[in-house]
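Residue numbers (UniProt numbering): 1 to 168.
Next up, the structure:
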């Protein structure tokens, strides 16, 4: 520490978040010695995303964009039936789902999740984005609807953060 001199502090977020936790750093600066040093001030929660989609090309493209920039862990299910079975034990913070999948469709899965776990936020990420599909998703219990067209990791994060922040 700097004796006889006040420390100037600024807060900044570490740009490269680790996959298991995000750290908020403070940088203390001593004017007398003109040195600064980072200090960990708190650790943020890692959020668990449960992503249900049968499109491996989309998932292989989008998941790294989400997990490399933030502290999310992503559990992937490729069909709705497996997702319903797994949700109870996975305890996700949020569920992202497609609407069109083999076997059980996304709308049926959303309704079943609402019956099983009514407080988990559900975000639909789908190529089907006409008004009828959006309305059906909201009626089934979806909280948000994002189109796959033009979506990237930043859009996904912006779309889900309001729901995750409500849980904290």
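Every residue gets a Cβ at the ideal spot worked out from N, C-alpha and C, and that includes glycine.
Asked	Found
Inter-residue spacing [alpha-carbon to alpha-carbon] between residue 149 and residue 74	21 Å
As assigned by DSSP and simplified to three states, the class of residue 67	helix
Contact check, residue 153 vs residue 118, beta carbons under 9 Å	no
Backbone CA spacing between residue 92 and residue 66 [nearest angstrom]	16 Å
Nearest-angstrom Cα separation, counted from residue 146 out to residue 61	16 Å
Contacts around residue 165, its chain only, beta-carbon distance under 7 Å, and the 5 residues preceding and following it disregarded	none
Beta strand (DSSP E) runs wholly inside the region 119 to 145, at least 3 long, in chain order	122 to 126
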